[in-house]
Amino acid sequence: MSQLTIGVVDLAAAFLFLYGLLRMASPVTAPSGIFVAGLGMLGAIVASFLYAFSVNAAAQPHLPVNTALALVALAIGGGAAWWSGKKVPLTAMPQMVALYNGMGGGAAGAIAAVQLFGNKAPGATELVVTLIGALIGAVSLSGSLIAWAKLDGVIKKPLRVAGQQAINGVVMLMTLVVGGYIVFATQGGADPVITLPGLIYLFFGCALVFGVLMTLPIGGADMPVVISIYNAFTGLAVGLEGFVLQNPALMIAGMVVGAAGLLLTLLMAKAMNRSVSNVVFTNFGAATKHKQGAIKGELKPMAPGDAGIAMRYASSVIIVPGYGLAVAQGQQKLYEFVKLLQEGGVGVKFAVHPVAGRMPGQMDVLLAEAGVPYDLIFQLEDINDEFSDTDVALVIGANDVVNPAARSDKSSPIFGMPILNADKAKKVFVVKRGDGKGYAGIVNGLFYGDNCNMVYGDAQAVLIKMIEAVRGLGLPAAA
Numbered sequence: 087m088s089q090l091t092i093g094v095v096d097l098a099a100a101f102l103f104l105y106g107l108l109r110m111a112s113p114v115t116a117p118s119g120i121f122v123a124g125l126g127m128l129g130a131i132v133a134s135f136l137y138a139f140s141v142n143a144a145a146q147p148h149l150p151v152n153t154a155l156a157l158v159a160l161a162i163g164g165g166a167a168w169w170s171g172k173k174v175p176l177t178a179m180p181q182m183v184a185l186y187n188g189m190g191g192g193a194a195g196a197i198a199a200v201q202l203f204g205n206k207a208p209g210a211t212e213l214v215v216t217l218i219g220a221l222i223g224a225v226s227l228s229g230s231l232i233a234w235a236k237l238d239g240v241i242k243k244p245l246r247v248a249g250q251q252a253i254n255g256v257v258m259l260m261t262l263v264v265g266g267y268i269v270f271a272t273q274g275g276a277d278p279v280i281t282l283p284g285l286i287y288l289f290f291g292c293a294l295v296f297g298v299l300m301t302l303p304i305g306g307a308d309m310p311v312v313i314s315i316y317n318a319f320t321g322l323a324v325g326l327e328g329f330v331l332q333n334p335a336l337m338i339a340g341m342v343v344g345a346a347g348l349l350l351t352l353l354m355a356k357a358m359n360r361s362v363s364n365v366v367f368t369n370f371g372a373a374t375k376h377k378q379g380a381i382k383g384e385l386k387p388m389a390p391g392d393a394g395i396a397m398r399y400a401s402s403v404i405i406v407p408g409y410g411l412a413v414a415q416g417q418q419k420l421y422e423f424v425k426l427l428q429e430g431g432v433g434v435k436f437a438v439h440p441v442a443g444r445m446p447g448q449m450d451v452l453l454a455e456a457g458v459p460y461d462l463i464f465q466l467e468d469i470n471d472e473f474s475d476t477d478v479a480l481v482i483g484a485n486d487v488v489n490p491a492a493r494s495d496k497s498s499p500i501f502g503m504p505i506l507n508a509d510k511a512k513k514v515f516v517v518k519r520g521d522g523k524g525y526a527g528i529v530n531g532l533f534y535g536d537n538c539n540m541v542y543g544d545a546q547a548v549l550i551k552m553i554e555a556v557r558g559l560g561l562p563a564a565a
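In structure tokens form, the structure reads like this:
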């Protein structure tokens with residue numbers, strides 16, 4: 087097989103990656119975009135095998151064993167991915183994404199390890215790039231595993247110690263010093279104090295420890311941003327290793343993933359009115375030290391059926407979904423309720439906050455899974471001005487993203503964060519299992535507003551009662 091043929095397959099794979107990403111920009115075309123990008127990945131795998139059989143066959147007499155191992159790895163990885171993709175519930179999707187981010191970083195680190203231990207990056211430039219890719223990949227691997235543990239409840243709370251940032255700085259400095267010494271020793275410098283393989287192990291060990299230390303103190307509220315940061319890290323690491331291997335598919339795929347992850351990180355941070363450095367190097371998500379002033383008003387419970395009937399007689403309803411809806415797996419019942427309202431002539435829209443849920447876009451996926459038409463789903467900037475003219479805002483399992491303290495309380499940890507203006511609706515119904523606080527650890531003044539009623543209970547159970555109440559009215563559908 088000629089290198090020209092391999093290059094053409096690589097180029098075709100890269101095109102499919104880019105075209106697939108382009109189609110993912112719209113919810114309507116996203117499924118086909120994922121399929122196209124998958125074809126691109128298949129093409130990249132085929133190109134890798136063609137390269138192994140043709141270019142390296144003469145130089146690697148042990149190639150059949152490596153090929154067999156690669157096929158076994160593909161079978162195990164593909165089977166595990168297929169099974170987990172079918173079985174994982176939507177509430178566990180953030181954990182799965184964190185694990186896959188880590189796997190990508192680990193794969194980039196493994197490629198770098200092969201290059202380093204095999205001394206296959208003889209030039210200074212190639213060696214430096216390999217080490218940078220190894221560093222980023224290792225940090226992404228260990229950091230993503232900690233993010234998974236936080237999201238899955240294995241690690242219950244952020245772990246913070248005095249001088250945490252100084253400790254992190256020392257570990258990173260050690261990693262850079264060891265990496266610099268590897269370059270110095272490999273490029274004809276003095277013999278290393280310990281063996282070169284020992285230095286490589288030390289380098290990877292320091293990088294892995296840094297990923298753990300960097301992620302442990304970050305609060306749960308920042309996990310959506312952390313996931314997108316490590317997504318960008320993984321893409322960058324893959325792109326750098328693609329450069330070292332002179333593999334166009336790896337370079338393009340890595341750069342696309344890295345750029346998309348970086349853009350998403352910046353958008354998420356903007357949605358929280360915070361900088362990326364503020365997310366990584368501060369203690370947001372810790373128990374807040376400021377004392378919240380006394381909130382006027384009182385909580386006013388309402389029965390689910392009464393709330394459902396009130397919405398049936400409204401002219402317009404805006405629904406704000408949150409993580410509580412995903413936990414209750416109530417999206418199907420929600421859309422069933424929405425269709426009942428629409429049959430009665432009620433105008434219904436969905437308002438989605440960029441950081442609602444545990445990962446970017448989780449609420450959009452949740453609604454799409456229930457079959458909610460895309461033209462009913464609006465982002466914060468597109469719908470926020472409509473709340474003041476809306477009869478009812480229905481908040482299901484959301485908290486901080488509708489907390490008015492973000493506008494009025496300068497001492498609040500969420501002050502300045504753009505929120506959905508649900509409190510400005512004429513009437514607000516909040517579906518929650520209890521009076522618990524959000525990730526920011528502060529009481530939501532919206533719940534005590536004169537125009538707000540609390541509908542307590544599991545979201546799915548509440549929605550079932552709302553559906554029964556509306557159907558019990560026996561009203562005819564709107565003409």
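For our numbering, count along the sequence shown from 1 and bump the result up by 86.
Every residue gets a Cβ at the ideal spot worked out from N, C-alpha and C, and that includes glycine.
Query	Result
So, is residue 308 buried or exposed, given that buried needs 16 or more other C-beta atoms within 10 angstroms?	buried
Provide the residue span of the beta strand (DSSP E) that contains residue 409, from first to last.	Here residue 409 belongs to no beta strand (DSSP E); instead the alpha helix (DSSP H) covers 409 to 414.
How many Å lie between residue 385 and residue 545 at the Cα?	18 Å
What residue range does the beta strand (DSSP E) around residue 479 cover?	478 to 482
Give the C-beta separation of residue 232 and residue 302 to the nearest angstrom, bearing in mind that I take them to be a contact with Cβ-Cβ under 8 Å.	6 Å
Is it a yes or a no for the region 409 to 427 touching the region 446 to 465, going by three-plus beta-carbon pairs under 8 Å?	yes
Is residue 174 helix, strand or coil when you go by DSSP?	coil
Give every residue of the same chain whose Cβ lies closer than 6 Å to the Cβ of residue 224, excluding the five residues on either side of it in the sequence, and list them in chain order.	195, 290, 293 and 294
Could you check how far apart the C-beta atoms of residue 445 and residue 180 are, in whole angstroms? I think they sit under 8 Å.	4 Å
Is the number of C-beta pairs between the region 492 to 505 and the region 447 to 460 that are closer than 8 Å three or more?	no
Buried or exposed, going by whether 16 or more other CB atoms sit within 10 Å of the CB of residue 370?	In this prediction, residue 370 scores a pLDDT of 49, lower than 50, which makes its location untrustworthy; no coordinate-derived value is stated.
Using a 10 Å radius around the Cβ and a threshold of 16 neighbouring Cβ atoms, would you call residue 553 buried or exposed?	buried
Rank 112, 121, 407 and 449 by C-alpha distance to the C-alpha of residue 103 and give the top, closest one.	121
According to DSSP, is residue 402 part of a helix, a strand, or is it coil?	strand
Closest to residue 548 by C-alpha separation, out of 281, 391, 404 and 116, would be which residue?	391
For residue 136, which residues from the same chain have a beta carbon less than 8 Å from its beta carbon, with the 5 sequence-adjacent residues on both sides left out?	87, 91, 92 and 95
Touching or not, the region 118 to 134 and the region 316 to 326, by the rule of three or more beta carbon pairs under 8 Å?	no
So, are the CB atoms of residue 537 and residue 512 less than 8 Å apart?	yes
For residue 516, count the other beta carbons within 10 Å of its own beta carbon; 16 or more makes it buried, fewer makes it exposed. Which is it?	buried
Can you tell me where the alpha helix (DSSP H) holding residue 300 begins and where it ends?	282 to 301
Out of 339, 417 and 247, which one is the CA nearest neighbour of residue 190?	339
For residue 285 versus residue 269, is the C-beta distance shorter than 8 Å?	no
Can you round the beta-carbon distance between residue 587 and residue 466 to whole angstroms, since I take them to be within the 8 Å contact cut?	Absent from the model: residue 587. The displayed extent of the chain is 87 to 565, so no value can be given.
Indicate the three-state DSSP secondary structure (helix, strand or coil) for residue 463 in the structure shown.	strand
Just the Cα atoms here: how many angstroms apart are residue 438 and residue 383?	27 Å
Just mark residue 360 as buried or exposed, buried being the case when its beta carbon has 16 or more other beta carbons within 10 Å.	buried
Where does residue 437 fall in DSSP's three states?	strand
Keeping to the same chain, check which residues put their C-beta closer than 6 Å to that of residue 556; ignore five residues upstream and five downstream.	394, 398 and 426
Which word fits residue 240, buried or exposed, when buried means at least 16 other C-beta atoms lie within 10 angstroms of its C-beta?	exposed
What residues are listed by DSSP as bridge partners for residue 490?	Its beta-bridge partners do not exist; DSSP assigns none.
Let me know the secondary structure DSSP gives residue 499 once reduced to three states.	coil
So the beta strand (DSSP E) residue 541 belongs to, where does it begin and stop?	538 to 542
Relative to the C-alpha of residue 480, which candidate in 499, 410, 159 and 448 has its C-alpha closest?	410
Helix, strand or coil for residue 180? Go by DSSP, reduced to three states.	helix
My understanding is that residue 226 touches residue 296, with C-beta atoms under 8 Å, so please give their C-beta distance in whole angstroms.	Contact flag wrong, Cβ pair sits at about 11 Å.
What residue from 408, 267 and 332 has the CA that sits closest to residue 484's CA?	408
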